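Q:
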Amino acid sequence: MCYNMNLGSTDPKFAILEDGTQVVAKLYNGPEGNLVLFNEYLCYRLAILLDIPMPRSGVCILDSSSEIQDKELATSHNYGKAFFSEYMPKVTKLLPTIINKMKNKEDFVKILLFDHVIFNTDRNPGNL
Numbered sequence: 000m001c002y003n004m005n006l007g008s009t010d011p012k013f014a015i016l017e018d019g020t021q022v023v024a025k026l027y028n029g030p031e032g033n034l035v036l037f038n039e040y041l042c043y044r045l046a047i048l049l050d051i052p053m054p055r056s057g058v059c060i061l062d063s064s065s066e067i068q069d070k071e072l073a074t075s076h077n078y079g080k081a082f083f084s085e086y087m088p089k090v091t092k093l094l095p096t097i098i099n100k101m102k103n104k105e106d107f108v109k110i111l112l113f114d115h116v117i118f119n120t121d122r123n124p125g126n127l
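Note that numbering that gives the first Met the number 0 numbers the sequence shown so that position 97 is 96, with each residue one more than the last.
(1) Hey, would you say L26 sits closer than 8 Å to N99, going by beta carbons?
(2) Are the region 16-25 and the region 82-97 touching by the rule of at least three beta carbon pairs closer than 8 Å?
(3) Can you look up K102 in the DSSP assignment and give me helix, strand or coil?
(4) Would you report the Cα separation of R55 and L49, rounded to the nearest angstrom?
(5) Between G19 and the rest of its own chain, which residues show a CB-CB distance below 8 Å, the 5 nearest in sequence each way excluded?
(6) Could you tell me which residues DSSP pairs with G79 in its beta bridges?
(7) My guess is that V58 and Y43 are in contact by the Cβ rule of under 8 Å, so how many angstroms apart are they, rounded?
(8) Starting from A46, follow the alpha helix (DSSP H) in both directions and report where the run begins and ends.
(9) Quick one: give me the first and last residue of the beta strand (DSSP E) that V90 is part of.
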């Protein structure tokens with residue numbers, strides 16, 4: 000299953016993998032091109048090596064057997080490998096009022112620095 004999230008420059012989709020895991024997926028032939036998929040995977044692996052907390056991620060396949068809720072959000076043009084990150088439903092938007100209440104400020108700083116180093120332009124308050 001796959002539907003549009005209307006967030007970010009890479010046009011991520013909410014999807015459910017065959018095992019029932021809810022994920023955010025970036026599809027083949029997306030608006031930012033296919034190099035984004037490689038960059039996402041490479042940066043994920045680098046973040047893990049640097050002990051920066053990240054949701055479980057990987058590569059999945061979108062093909063003719065995939066159930067698509069809205070035929071306009073993905074077509075055979077998007078069939079192929081996609082990058083996914085496990086969806087985190089209890090995440091809240093980052094607001095200035097909650098920064099002082101954060102228990103993992105060190106991780107927050109690591110993520111911001113990492114984003115700066117890799118020039119992540121897709122970060123938004125809903126995915127931090």
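Cβ atoms here follow ideal geometry from the backbone N, Cα and C, with glycine treated the same way. In this text, all values refer to a predicted model and were calculated from it rather than measured experimentally.
A: The short version:
(1) Not closer than 8 Å, so no.
(2) In short, these stretches touch, since the Cβ pair count reaches three.
(3) The DSSP-derived three-state label of K102 is coil.
(4) Answer to the nearest angstrom: the Cα atoms are 15 Å apart.
(5) None.
(6) Answer is L61.
(7) For V58 against Y43, the beta-carbon gap comes to about 10 Å, at or over 8 Å, which does not count as contact.
(8) Counted as a single uninterrupted DSSP element, the alpha helix (DSSP H) harbouring A46 occupies residues L34 to L48.
(9) Note, V90: premise wrong, no beta strand (DSSP E); not H, not E.
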